[in-house]
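Reading through the structure tokens given below for one structure.
Numbering (full-length UniProt numbering), first residue to last: 1 to 225.
Put into structure tokens, the structure is as follows:
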């Protein structure tokens, strides 16, 4: 069994039950709010919700954000299988996860992401699924950065012919000419700053606007790269 596609809750290492509490809050939000777009994933998307970019671009599009710090593919899969998307009817689901699966191979992580895509499709057959690429990480070149790049390429090949699944590369401009990442773009060399979120998620915003305004739901869209 591939651990990346075997649904499992996040381990409660601290013993305070926070992860499950957040999951339960998301279940409540899903029942009480209408959303055209649901963001679901890890700390990259969780942090996005607390930026000016979110308030300016995404909040007006009627978005919910069901993202949790440190989530891996198997955790997001578990949350979806346990109701987080059951009481919403989004036109678009934005999924970003995989960078925290540090102990797994690129192939395993890619399959985990695809299993999430399949599960979303089962629950919402008419929704678009948007996959922002995994961002580079670490100040200098490293094995995890290389693995994220490989995941992006594997995933692109797998989804390019899938109906209503769009992969958008959001990593342009992060790696400088010397191979480093600036702390102005990622203060901890993992999570984008507010300024970096603007350049990273602008193509996501543009695509969401296109999808939400599209009068012909079956029309093919050209993914940003």
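We treat Cβ as the ideally placed atom computed from N, Cα and C, and that holds for glycine.
Buried versus exposed, by CB contacts within 10 Å (16 or more), residue i
i, result
"residue 17", "exposed"
"residue 165", "buried"
"residue 197", "buried"
"residue 73", "buried"
"residue 137", "buried"
"residue 59", "exposed"
"residue 215", "In this prediction, residue 215 scores a pLDDT of 44, lower than 50, which makes its location untrustworthy; the coordinate-derived value is nonetheless stated afterwards. Residue 215 should be labelled exposed."
"residue 167", "buried"
For residue i, the residue or residues it bridges with in DSSP
i, result
"residue 192", "186"
Proximal residues to residue i (C-beta, below 8 Å), its chain only, five neighbours per side dropped
i, result
"residue 99", "42, 44, 134, 135, 137, 144, 148 and 190"
Chain-order list of residues whose beta-carbon lies under 7 Å from that of residue i (same chain, five-residue window excluded)
i, result
"residue 81", "7 and 119"
"residue 140", "179 and 180"
Threshold first: 4 residues or longer. Then list the alpha helix (DSSP H) segments lying entirely within the UniProt domain "SGNH hydrolase-type esterase" (39 to 188), N to C. 43 to 48, 73 to 81, 106 to 123 and 143 to 159
Flag this pair as touching only if the stretch 25 to 42 and the stretch 176 to 189 have three or more C-beta atom pairs under 8 Å; answer yes or no. no
Taking one C-beta from the stretch 114 to 123 and one from the stretch 53 to 67 each time, how about it: are there three or more such pairs within less than 8 Å? no
Flag this pair as touching only if the stretch 180 to 191 and the stretch 148 to 158 have three or more C-beta atom pairs under 8 Å; answer yes or no. no
How do the stretch 205 to 215 and the stretch 87 to 102 stand: do at least 3 beta-carbon pairs fall below 8 Å, yes or no? yes
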